[in-house]
Structures are given as C-alpha cells and as structure tokens.
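In our numbering, the protein residues as written are 393 to 1209. For every residue, glycine included, the Cβ atom is placed at its ideal position computed from N, Cα and C. Notes to accompany the following structure.
Structural data, given as structure tokens:
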C-alpha cells in the first residue's frame, strides 16, 4: 500500500498535535526562570528507577518526594522498566557533576537553585545544595502532572529565586490561634510553593517563663515554636520570631500586672526602662526557638506617641524622638545577639525625621495593602538612605467574609515587582485576621500567588497563574477557583454584604419585647442568585477524578460555609418578616414550627463552624466566636417558647410588639457605623454648648481617627443604641461622607434629646432647627453628631433623605445615579 509523504507528514503532525500544544503551555507554580522544550518525549507509563548519593533520613521531604514520584509513575503505567531518575548535589556526586558538564546542564550557583533535565528516558535533578534538590523534585512532581496521555515533554529547566527571602506572616493574635497539626501542614504546603520563611503576628499569645500570666491558657509555648522550627528545617522553611513591641498592646495592658507599663491602654510607655526590660526578657526567651536570622519587633501603628500622659498632644518632633528612644535599644539588643531586626515602616514614614535616627542595622518591613499604581512612597525613603528593606503586601480578612482577591492579587503583583526593580531584599506577605472569624483555608490561593510572584516577579501575569493554579490544584485549567471567587465577590456591591464585610452577620434577628424591628430584604434575590451560582462554580471546581481530591479541594468547604452563612442570614430576614405577618393572622403553630426550623439551621452552621475551626485552631477564642450563633439560636428558641405558651383559644392575641415579633422590612438606608467618643458627664441642658474635645483641636478642628475614638458598628440596621445610660452625658459620633459634587441634602435625625451637627468644623443644624438642609462639598465631608444622652434617651437614627450610600466602616460615599 502506498502512502504519500504528505499523508505521512499529516498523520505524524496530527498524532503529535496534542503533545505539541501541551508543550507550549506547561503548568508550573512558581514559574521557573528558564524552560527549554526539547523534541524528545518521556513516557511516564514506564516504571521509574531512582539513583542518588544524597544522604537523607527516611522522613526527609526529599525522600517523601521520591516515594511520591514512584507512586505517581506506578499509578500511570505498568511494570515495564526503562525510566531513570538521577538526583543529588553535584558537590557530593562526582559522576552526576560530570554528566551535567558533558550534557551542558548548568547548575545555578544560588543555594535554592536547581537544574531539571528530562530526556527520552532519563530525568536529572541536580543542584549545589540539598534545598535545590528538594525544589527540583517539587517541580518534577508538577511536571508529571502535566502529562498528556502519559507523555511528558522533554525539557531543560534552570531555576532559582529572584528574592532570597520569601515569607508568609500569619496573624495568630486576633482570635484564630493555630494548633500544631495545622502549623506543620502550613509548613509542608508552603514548602511546595517554594516559600522559605513562615512567621506570625504575635501580641499576647506566646507563653513565656518570665511572664507567663499575660498569655491565654491555650497560648503557643516556646517549646512548640522549637518543635515547629525543627520540623520546618528539612522543608527549607525557616521560622521567624517576632513580638509586637509598642502599640497594639491592649491585650497585655488589660492585666493589672502589666498596666503600669502603659502610656495609654493600648501602647507601652516608649523608652521606659520597665517597658524595655519587659520586651527584652520576652525576646530573650523567644530568640533561641527560631531558625531565621531575622526577628520582627513590628512597633507599628503606635499613634498614641503624640499624646502625653494627660492626653494632650505633643509635637511631631517630640513623638519621633520618643519612638527612636524606644526602638533603637531594642534593635541593639537583637543585633548584639546575632539577629537582624525587622521593624515596620509606617511610624517611620509618619515621622520622617526618625529615618535618619534609626539604627542602620534595621531591616524595614515596608507595608501597604492597597492596589496602587505606584509604590515609590513606601520604597524610596528607605532606599535613598541605604536602609535594607522588604516589601510587605497583604491578604486582608479584616472584618470580611473572605479577602478581596482583586485587591490582594493586584497589591501582591505590583508591590512585589516594584520591590524587585528597586533592590528589595525580601517579601513578607501578611495574612491578617482582624475580626477573628476567619479560616486560612480561604487564603491559600492568594498565598500561592504571593509565592509565585516572590520566586519570579512578573507583571500582568494573573491570567497565566490562574490557569496554572487551576490545572495543578484541580486538574483542569478551565476549573478556575479565581473565577468562582470573582463571581462571589459581586456580593460586595450589595448594601447587605458591602465590601464583603462581616458586620451584617452580627445584626440582631429579633427585637426586644416592646420594640419594632427592621430587616433589609431589598437585596435577598440578588444575594441568593450570586450565592447559588458561586456554590455551583465551587462544586464544578471540586469535581475531580476519583482519588484526586487533596488539601486544595478540602479547602472549598470553608468557601461553601461562608456562602451558606450569608444565605441563612438573608433567609432569616425574609422568614422572620413573614412570621410576623403569620402571627398577626393567629397561625401560631406555623410560627412556632418555622422558628424551630431556623434555630436548627443555625445550630447546623454552628457545628460546621466549630469543625472548621478545630481543623486549623486551638480551642482558644472559639467560645467567643460561637456567641454569635448561640445568641441567634437562644433568641429564636426563646421566642418559640413564648409563642407556644400563648393560648390560641383567646380571641385576641398580645400585640406582635409585646411578644417581640414586630418585624418589618427596612424602609431606608441608615448610618450604623460611626467612630464614637467617650462620654462626658453633664448636669445642665446648657452643657450641650460646651466643647469637650479640645485634645483633638476642638469641635472646629477635630477629625477623629480610630486611634482617637472607638469604631462602632451597630447590631441594628436602623439605629445606634447606647447601653447602660444611667446619667446625663454628652457623646460625639463621627463619620466621613464623600460627595461627587457639591450637593444639598436633608439629614433625618431620630433622637428625642438635644443634638447638634458639626459639618466640616461648623455647626450647621441642631435639634431646634426646623430646616435641617445641609450642603455637602465635593470630596470628603466630616460630620460630627453631638448628642445629649440621658436615662431613656439612648437611641439615635441618622439617614440622608432620598440618598443612597456605600460605606467602608465609618467612611461613607454618596452613590452616583
């Protein structure tokens, strides 16, 4: 039979097309520095034989990787032999070194560098150090996952990191406090992503011998850090120590034992011998437990530096000197003991005169978590004076149901690349847990992206990363978890789940007896649709082949939980409004049954939350987190008992309000997040005219911050309720309103006592005025509500008539039509 050369060529081309197409798109995380694809094809179906002179223990990660690869090859093929894996360090294996020289395989000089060479039947993993061998085997594992019909492309990979220091910082001080099993699992997963440093944000959760009483009972001990450090070493992960050293000290200063160390209730006395002695004793115990040459003193957000003991402000120069007199002795203490101290950038940037006074042995941790086009303001001040610095992007769970992935990915990519272009020595990606009800399971995709960028910074690389991540973690580049997250993130554009905030989950479902209660059901349909589509997307991502489930698919339960929690909250709003109507019709059995069903559903969520918590965390703080569920369950069952106790035979039931089931749809948007001042006791009505905030420049100048007044999110969607008002007092509330242009608005204030509104430093209206119209200027407007509390006069409502807003905490923005 004759076959034309054209047909033969076509046949060969068609046979090789799947392989050729695949060769153009290898899925590897992080991306190697150099990948050269060769013509030969490696058949994974043949049994693999390994050879190495590298000496490692049986439980060493290198040995574990070899065992894993042998299993992979066995699962993919038959008993037919023919494949050979040779791995090791060229300094210890002369023959391997000669083989590499003969075949022109370049071995990177970097400690973590490696060469990975795949030919038709031989795989070479060669490096200068054991760490490089481990990383080469990690890449080989990913490469094996790229097989197409058991065919692996023949490649030559030369790889090494652009950043020597690639760190993840996990916040363990705001509620979630990791258990040892989870800490070790973090080490293993981060190692596979080629992260080489793990550190923790620590305020009060470490148990020391010198000061054992500031830590909770379930705190992490020095011995546990030592155990983790030893466990992490073979995985090429150093564990870095750190301890908050100035601000953010409320947890420790709340103890009578340590209160004398405080300048304020949240900041140590800077430079005070007793404060320095306390810190250096804690440092001294912690230092030996960690393998990293770095130690982080943080010393960030110490805004009380500008206040004297009497609460009066001091000038910037005096505050700067206070700061330097505090941190320089700490930096010296660490350098004297062979450590490289790390210090946060924000106070140095806030008081620029400190930069020249700071010890030149400090490494600056320059942090900013926003998606910006230019990061020079966080780089140049330190680079110009020759200070070593790391860049610190962020993954923020702060009071959020999950991180804003668009902001996190953009911040990581842009900041890491900006640092690489301007000589940064390291990357520390910070994972923050402010608000505490968070699971690290929802952070891993962003952690993987941080690892990817920290190894080889590349701009505009998110689409490629998402394909690679989807393929490697879920077996299909079209199963994009990032697409699921993007869809779910549309929730942030609703008023209910604005900015992905968790505050609405704290909202009370039921009123107190005698009160009318309002719940927002305006967006229920939109929210339900987003969640339904999101859960369907997550299910598709998780639909992997039998036996292919892994820790990445296991993480998806934490995402499902977050969505189910939102869905049940919204469902509860609708159900309870409907039950209020059923009550008015006298259908008590239906009301009772539905209340029990809702309580059961919240119990189910509580159990799921506890299970997820215990996978990652110690019992510490779990009881605090369960309060939100317990309150909902108890109130629902208590109302059920009330309903069950009513006599249905009576012709007239008690009013819905008196029973506590007068629940109505929310009719407008209210301002429910404010900064609130302390209360100032008063005697006379005329006291409303006194100025109580001189320490902030007085009412005409005051623009409070969260470091001046307390952040407060009301658990009601329609009012602020002040607790324990037993005497007359004045209190201030502050919010910022951004207007796109100058506009007249009508504030609607529901308050039965005296009040005044101070807008941009001027009193514009008060409780005696009939015409309350005000003018908001284009840009930011500062509103201070000054109200006179008294027993029985303890609630305020505030809204802008016919105006819709968005808000991030106390910062509101008028919606454009």
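Spatial distance of residue i from residue j (CA atoms)
i, j, result
"residue 818", "residue 590", "13 Å"
"residue 595", "residue 786", "19 Å"
"residue 748", "residue 1150", "40 Å"
"residue 1113", "residue 1186", "6 Å"
"residue 852", "residue 458", "35 Å"
"residue 876", "residue 460", "30 Å"
"residue 845", "residue 581", "16 Å"
"residue 1078", "residue 1173", "27 Å"
"residue 415", "residue 796", "In this prediction, residue 415 has a pLDDT of 39, which is less than 50 and means its spatial position is unreliable; what the coordinates show is noted afterwards. Their backbone Cα atoms lie some 34 Å apart in a straight line."
"residue 1111", "residue 740", "40 Å"
"residue 1200", "residue 1069", "19 Å"
"residue 894", "residue 1064", "14 Å"
"residue 977", "residue 1128", "44 Å"
"residue 883", "residue 1203", "19 Å"
"residue 441", "residue 472", "11 Å"
"residue 1056", "residue 824", "37 Å"
"residue 798", "residue 838", "10 Å"
"residue 1061", "residue 1197", "8 Å"
"residue 1206", "residue 1004", "38 Å"
"residue 491", "residue 536", "23 Å"
"residue 873", "residue 856", "13 Å"
Three-way DSSP call (helix, strand, coil) for residue i in this model
i, result
"residue 1160", "coil"
"residue 851", "coil"
"residue 515", "strand"
"residue 659", "coil"
"residue 896", "helix"
"residue 959", "helix"
"residue 1171", "strand"
"residue 503", "coil"
"residue 786", "strand"
"residue 728", "helix"
"residue 768", "helix"
"residue 665", "helix"
"residue 1070", "coil"
"residue 604", "helix"
"residue 1195", "coil"
"residue 546", "strand"
"residue 1032", "helix"
8 Å contact criterion, which residue i and residue j should meet: CB distance rounded
i, j, result
"residue 774", "residue 758", "6 Å"
"residue 1121", "residue 1072", "6 Å"
"residue 542", "residue 437", "4 Å"
"residue 555", "residue 502", "Their Cβ separation, rounded to whole angstroms, is 11 Å, which puts residue 555 and residue 502 out of contact at 8 Å."
"residue 782", "residue 557", "6 Å"
"residue 645", "residue 664", "About 13 Å separates the two Cβ atoms, so there is no contact after all."
"residue 998", "residue 1021", "4 Å"
"residue 930", "residue 987", "No, residue 930 and residue 987 are not in contact; Cβ-Cβ is about 30 Å, not under 8 Å."
"residue 1080", "residue 1148", "7 Å"
"residue 1126", "residue 1175", "7 Å"
Beta bridge counterpart(s) of residue i as assigned by DSSP
i, result
"residue 1155", "1150"
"residue 561", "591 and 822"
"residue 736", "757"
"residue 1177", "1125 and 1149"
"residue 792", "893"
"residue 1190", "1141"
"residue 551", "506"
"residue 1014", "None, per the DSSP bridge assignment."
"residue 598", "612"
Run of the alpha helix (DSSP H) containing residue i, from where it starts to where it stops
i, result
"residue 1050", "1048 to 1051"
"residue 1001", "980 to 1008"
"residue 578", "572 to 584"
"residue 476", "Premise fails: residue 476 lies in the beta strand (DSSP E), 475 to 481, not in any alpha helix (DSSP H)."
"residue 488", "486 to 494"
"residue 642", "642 to 645"
Residue range of the beta strand (DSSP E) that includes residue i
i, result
"residue 526", "Not the beta strand (DSSP E): residue 526 falls in the alpha helix (DSSP H), residues 522 to 536."
"residue 634", "630 to 634"
"residue 419", "Per DSSP, residue 419 belongs to no beta strand (DSSP E) and is neither H nor E."
"residue 1044", "Unbroken run through residue 1044: none, as it is neither H nor E."
"residue 427", "426 to 435"
"residue 689", "686 to 690"
"residue 447", "Unbroken run through residue 447: none, as it is neither H nor E."
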